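Top to bottom, those sequences are chains W, A and L. Letter by letter, the first sequence follows residues 0 to 322 in numbering that gives the first Met the number 0. Letter by letter, the second sequence follows residues 0 to 357 in numbering that gives the first Met the number 0. Letter by letter, the third sequence follows residues 0 to 526 in numbering that gives the first Met the number 0. What follows is a single structure, written as structure tokens, with notes after it.
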Amino acid sequence: MASADLAPGRREIRTDAALDWVAERGVYLGLLALIAFNLMFTPRFAEVDNIRLQFVQVVPVAIIALGMALVIGTKGIDLSVGSVMAISSALLALFLGYGPIVAIVVGILGGATVGIVNGLLIARFGIQPIVATLALLVGGRGLALVLAQGRLTEVFDPTLGVIGSGRVFGIPIVVLVALAVALVVAFLVSRTTFGRYLVAIGGNPEASVLAGVPVRRTLIVVYTLCAILAALAGVIQTARLNASDPSFVGNLIELSAITAVVVGGTPLSGGRVRIIGTLAGAMLMQLISATLITHNLPDSATRMVQAVIIVAAVFIQRQRGSA
Amino acid sequence: MTTSARGSGDGQGGPLSSNAVASDDAGRVATRRERVAGILQRAGALVVLLAVIIVASLVFGGRFASVDNFLNILEASSFLGLVAVGMTFVIIGGGIDLSVGSLLALSAVLAAYGSQYGSVVAVALPLFVCGLIGLVNGLLIARARMAAFIATLATLLFARGLAFAVSDEGNTIFHIKAGLVVSALGQESLLGIRLPVVIAATVFLAGWLALTRSRYGTAVTAIGGSEDASRLMGLPIARVKVAMYLVSGLLAGLAGLLVAARSSSGQSTIGVGLELQAIAAVVIGGTLLTGGAGSIAGTLAGVLLLNVINNVINQVGTLSSYFQQVVSGIFLIVVVLVQRYLSREQRLVSEDQNRGQP
Amino acid sequence: MTTTTGGLPVLCVRDVSKRFGGVLALDGVSLELRSGEVHALVGENGAGKSTLIKILTGVYQPDEGQIIYRDAAVTFARPRDAQAAGISTIYQEVNLVPLLSVARNLFLGHEPTNRLGLIDFAQMHRDAQLVLARYGIDVDVRRPLRQLGLGVQQMVAIARAVSADHRVVIMDEPTSSLEAREVERLLEVVDVLRRDGVAVVYVSHRLEEVFRLCDRVTVLRDGRRIHTGPLANITRLDLVSRMLGRKVSDVERARTRFNEHDTTRAAEPILRATGLTRRHVLDHVSVDTRPGEVVGLAGLLGSGRSETAKAIYGAQPLDEGTVEVNGTPLRGGSPRAAIAAGLALIPEDRKAEGIIPMLSVRDNIVLAALPALSRAGIVSERGQDAVVDRLMSRLKIKASGPDQRVGELSGGNQQKVLLARVLCLNPRVLVLDDPTRGIDVGAKAEIQALISDLAAQGMAVILISSELEEVVEGSDTIVVLRDGAVVGKLGGNDVSEDGVMRLIAVAARETDVPTPHQAERDDHGVR
């Protein structure tokens with residue numbers, strides 16, 4: 000027995016190579032295929048304006064997906080991100096009278112509060128992440144509607160206008176913000192103790208406890224961070240649309256974010272976070288919906304396709320995990 | 000995941016337990032705290048429901064406490080009730096079904112759309128499609144072993160997309176022509192009681208029988224209580240689970256059909272957040288969110304409680320209707336926290352028994 | 000003790016092998032069960048007991064060999080098949096549904112129904128009462144199972160298992176969580192089964208029970224059958240030595256033999272664990288270690304040795320007991336506090352509690368030491384790489400590089416990664432729970448040599464091993480545990496395999512008989 004133990008599982012790893020490849024790099028393949036398709040069949044796809052538009056539109060999902068990737072890395076889930084967007088958007092509109100900076104800060108703090116509640120419920124009280132964040136998904140949306148009294152508010156502010164549609168060297172500011180967020184998250188994951196702890200918790204919670212990892216604290220920070228990013232996405236969305244509409248902003252975005260994360264190679268079973276994969280996953284979802292829309296397929300088709308993609312992605316992950 | 004860090008004082012009993020085990024056959028006698036916790040868990044919803052009704056009656060008088068208003072509450076409860084019966088089975092069986100709200104909308108749209116081709120199509124089409132999606136949920140969860148929340152989240156998206164696709168992106172609202180038999184389902188009464196209420200009551204009765212008196216119900220309870228033990232005892236786990244999600248889908252479909260019949264139209268935007276209300280009603284009714292124990296009667300009390308509260312919020316008038324969502328969310332959290340506390344008091348949750356993540 | 004060897008063979012296992020990945024869990028094992036016999040199945044960690052049981056019950060299928068049941072070759076594709084054929088299993092942890100009533104547990108899946116297809120509760124409760132009465136149990140069968148004592152729960156499990164026409168009953172450590180009186184009752188029930196002509200496989204690490212109850216015994220070790228024979232013909236000491244085994248790799252041993260340490264140079268214990276108690280698990284266990292001393296915790300599987308290790312480290316809930324490091328009491332229930340106080344643990348179950356398989360070798364090694372290797376939460380890459388490089392070369396970790404995932408390494412190298420993880424911490428007390436379990440000979444020798452080195456440098460070590468030889472050769476002092484309590488302590492020249500086995504094998508009532516070694520027993524150790 001002892002001598003046979005030299006290389007356990009080597010063979011399985013090799014036979015799973017194909018599935019591994021699809022799960023890890025399928026997203027880039029899909030992205031390339033979509034781009035090729037669009038170059039051939041979509042008029043004006045390669046024009047600067049269109050490329051810029053695609054990047055601008057992917058920003059909210061991309062930012063949220065980055066936070067979601069951290070949460071999923073701990074083997075958790077956060078369904079409340081869309082409602083957090085709505086709350087920050089509503090707060091932004093509500094506090095605009097005190098100046099744009101104050102409004103943005105209040106919006107993001109409001110989102111962070113939801114994240115802290117999520118984190119406490121999950122880490123301190125041991126409630127399943129699905130249930131805790133589902134409660135805040137519905138409760139949070141209701142809160143946003145209460146704050147905004149259910150109305151769409153037009154938001155006109157020069158500062159927000161610059162954030163929403165300004166450009167630096169032709170690159171939209173929102174895209175730069177998203178890139179900055181990606182860099183920060185990548186730094187957190189690769190270079191900080193926090194990043195190490197979160198993947199350790201997702202990879203093996205028992206071992207993490209025995210290795211002295213501060214499990215509760217890390218989880219609370221992860222959910223708070225995810226909510227802060229969602230709130231940031233809410234601010235960006237509001238600035239871009241010049242309006243706050245709490246009944247629609249961020250609706251079902253949790254699904255797009257989860258799909259982007261999973262398609263990008265971060266397993267739902269936790270223990271790993273893929274930043275570039277997540278960004279590629281977000282872009283893939285964006286291009287799918289853009290492609291469907293430019294080819295006159297309705298929004299509903301996008302949803303159904305997205306549902307099929309998420310099932311397929313998780314299915315491939317499961318097969319890989321159980322093989 | 001954090002429970003592994005839970006320290007001492009968890010599994011060990013109170014002062015009574017060491018003596019109790021020694022008494023061999025009699026086993027461990029439940030302490031008074033445990034019994035109280037158990038009663039609260041099972042009947043808490045009913046107590047709160049009665050209290051809310053009494054207080055509301057005193058505050059609002061005839062505006063609240065009238066036969067008409069009570070019948071309204073019953074009717075409003077019937078749609079959520081149908082969904083909640085299915086959800087009760089799913090949660091007792093250790094799962095969760097997030098797709099029910101979308102299924103309800105899809106069913107309403109399909110019923111109204113199908114009514115162009117007659118009442119039979121109007122009834123059969125939504126039930127068939129919703130049953131099919133429920134079946135897919137079950138297969139993805141029980142056979143492909145996907146996490147319940149992710150599979151049903153995907154079908155939530157899919158069903159909503161389908162509802163929009165059928166209704167031209169929500170721009171077309173199909174209407175059920177007056178005089179069709181299917182309209183009667185939503186609008187006629189039996190002995191002065193609206194048919195949706197009658198149907199929901201029948202489903203509650205059937206659900207209660209199935210859960211407490213059938214082998215199937217016992218199997219669901221056993222699987223939710225301990226899937227490993229159930230497998231070792233030879234229960235057909237996958238089949239029971241698939242049936243669970245199939246029934247949940249069918250009942251959501253039935254609810255949507257009744258909504259369409261009641262309003263003579265099918266809108267693709269209804270039912271958002273219904274899954275949370277259903278989960279809340281089930282959990283308020285004393286069903287353990289971790290599975291393995293619960294009751295249909297409790298769910299009934301939970302459904303009525305939520306609707307009475309909604310009714311009261313409407314009575315107040317000055318409160319915006321969005322408060323209902325806030326209240327549902329807060330309610331769920333409070334109930335889950337209380338339930339965790341009660342479970343610990345009764346020692347239902349032991350150190351090694353914590354449900355993992357996907 | 001019964002000396003009859005039962006009737007006709009019911010179930011024969013012939014040359015069964017089972018492989019998991021690269022690990023051969025069962026290697027050509029044969030077993031013959033006769034009706035009306037109670038057949039003990041014993042062995043240490045990794046012996047293959049549970050694999051064999053899972054093959055008999057249809058959880059696993061054998062890679063080679065066959066199972067002959069009632070004169071026909073059979074394959075059980077899943078547990079239901081084995082049950083349908085009449086083979087049932089009683090598990091160590093009661094495998095019933097605690098929230099359901101006693102009667103429902105008894106009849107789950109085949110409840111009596113009335114004409115409408117609804118469960119006939121009156122009938123079911125009557126039947127349940129009758130079935131239980133056979134085993135002398137009188138309880139309200141409508142009560143939830145969890146309200147009953149564990150003994151009764153175990154009895155219900157047995158009643159469920161044999162209420163149908165069952166020919167073989169497998170009991171996997173059925174008494175491990177029972178009180179003494181409950182054990183008595185269970186043993187009576189097993190006697191009833193024997194009289195009924197049922198073949199019983201009895202897996203236990205409690206030798207008293209084995210000798211009292213069983214007719215024949217099969218000893219497994221490292222996936223192979225070592226011995227089968229009537230218990231009447233074997234002494235307790237003989238059985239223990241067969242279970243623990245002696246490695247044939249004498250050549251290796253000569254090279255890796257631990258150094259003798261000079262333990263007199265530090266008189267004061269750095270670690271003092273006193274009166275560690277947890278119901279059913281630990282009974283006033285006390286252990287001390289001085290710097291430079293290796294204290295072995297010896298005992299069979301289930302003796303409480305791993306629990307003691309975890310209790311010292313704050314990872315095992317306790318009812319009573321204190322752990323002091325350098326005279327400062329440790330906050331209980333917190334591995335973090337233990338690490339901060341200078342403790343480090345390598346847990347028994349490498350896969351479940353040790354490695355984080357998806358992370359790289361580097362990340363696994365530095366995980367526990369991150370606070371020291373970082374400033375303001377930012378990990379110092381240079382400091383980290385230096386530590387990882389040093390430890391990887393010192394421990395000769397064979398990996399394609401620090402970036403390789405730990406899940407892809409061999410068992411021996413995974414264990415070295417865990418050692419590297421604890422060494423990063425520069426601990427003052429190192430607790431090692433079976434550090435060489437299931438790893439290849441070369442890695443084993445290296446790890447043993449390393450432990451010896453560390454002790455020589457002044458580290459206090461607590462060592463557990465499923466191989467007696469390793470504990471005896473590596474330890475300066477040995478604390479012997481049985482059934483969660485200390486039964487003796489050996490030091491100096493008394494440390495010998497023979498001495499340990501005698502203490503383990505001694506029957507419960509004989510512990511009062513003084514032996515030379517027991518004079519050294521810790522006052523807190525025995526109650």
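Think of the CB as a built atom: it goes at the ideal place given N, C-alpha and C, for glycine as much as any other residue. Quantities reported herein were computed from a predicted structural model and do not represent experimental measurements.
- Note that the C-beta distance between Val199/L and Val168/L is below 8 Å.
- In terms of beta-carbon proximity, Gly224/A lines the interface with chain L, with at least one pair separated by less than 8 Å.
- Judged by DSSP secondary structure, Arg420/L falls outside any beta strand (DSSP E) and instead within the alpha helix (DSSP H) spanning 410 to 422.
- DSSP places Pro59/W inside the alpha helix (DSSP H), whose first and last residues are 47 to 72.
- Residues of the stretch 400 to 412 of chain L with a C-beta less than 8 Å from any C-beta of chain W: Gly406, Glu407, Ser409, Gly410, Gly411, listed in chain order.
- In chain W, no part has a C-beta under 8 Å from the C-beta of Met243/A; the shortest such distance is about 17 Å.
- For Asp156/W, there are no neighbours in chain A by C-beta distance under 8 Å, as the nearest C-beta there is about 25 Å away.
- Judged by their CB atoms, Ile292/W and Gly114/W are not nearer to each other than the 8 Å cut-off.
- Contact of Met145/A with chain W is assigned, a C-beta pair being separated by under 8 Å.
- The continuous beta strand (DSSP E) containing Gly490/L extends over residues 484 to 490.
- Going by DSSP, Leu40/L is part of the beta strand (DSSP E) stretching over 37 to 41.
- Runs of the beta strand (DSSP E) spanning 3 or more residues and lying entirely within the stretch 76 to 151 of chain L occur at 86 to 89, in chain order.
- By the Cβ test, the stretch 25 to 44 of chain W is not in contact with the stretch 156 to 166 of chain W, since fewer than three Cβ pairs between them sit closer than 8 Å.
- Here Ala72/L is bridged, per DSSP, to Ile67/L.
- Per DSSP, reduced to three states, the secondary structure at Val430/L is strand.
- When DSSP states are grouped into helix, strand and coil, Leu32/L belongs to the strand group.
- For Gly280/W, not one C-beta of chain A is nearer than 8 Å to its own C-beta.
- Here Ala343/L carries a strand assignment [DSSP, helix/strand/coil].
- For Cys225/W, the enclosing alpha helix (DSSP H) starts and ends at 214 to 240.
- With fewer than 16 neighbouring CB atoms inside 10 Å of its own CB, Glu319/L falls in the exposed class.
- Burial state of Arg184/L is buried, judged by a 10 Å Cβ sphere holding 16 or more other Cβ atoms.
- Under DSSP, Thr217/L takes part in a beta bridge, and its partners are Leu40/L, Thr227/L.
- One Cα belongs to Ile233/L, the other to Leu275/L, and the distance between them is close to 35 Å.
- Taking 8 Å as the CB threshold, Ala455/L stays off the interface with chain W.
- With fewer than 16 other Cβ atoms inside 10 Å of its own Cβ, Asp227/A counts as exposed.
- For the set Ile308/A, Thr286/A, Ile332/A, the Cα lying nearest the Cα of Gly43/A is the one of Thr286/A.
- Secondary structure of Asp493/L (DSSP, three-state): helix.
- Residue burial is scored here from C-beta neighbours: Glu267/L has fewer than 16 other C-beta atoms within 10 angstroms and is therefore classed as exposed.
- A distance below 8 Å separates the beta carbons of Ala368/L and Leu424/L.
- Among the residues of chain A, those whose CB is under 7 Å from the CB of Ile129/W are Ile95, Phe148, following chain order.
- By the Cβ-count criterion, Asn306/A is buried, with 16 or more other Cβ atoms from all chains shown falling within 10 Å of its own Cβ.
- Residue-level contact by beta carbon holds for Leu344/L and chain W, with a gap shorter than 8 Å.
- Taking a Cβ-Cβ cut-off of 9 Å, Leu224/W has no neighbours in chain L, whose nearest Cβ is about 13 Å from it.
- If one requires a minimum length of 4 residues, the alpha helix (DSSP H) runs lying completely within the stretch 313 to 397 of chain L are 334 to 339, 360 to 365, 369 to 372, 380 to 393, in chain order.
- DSSP links Ala198/L through a beta bridge to Val167/L.
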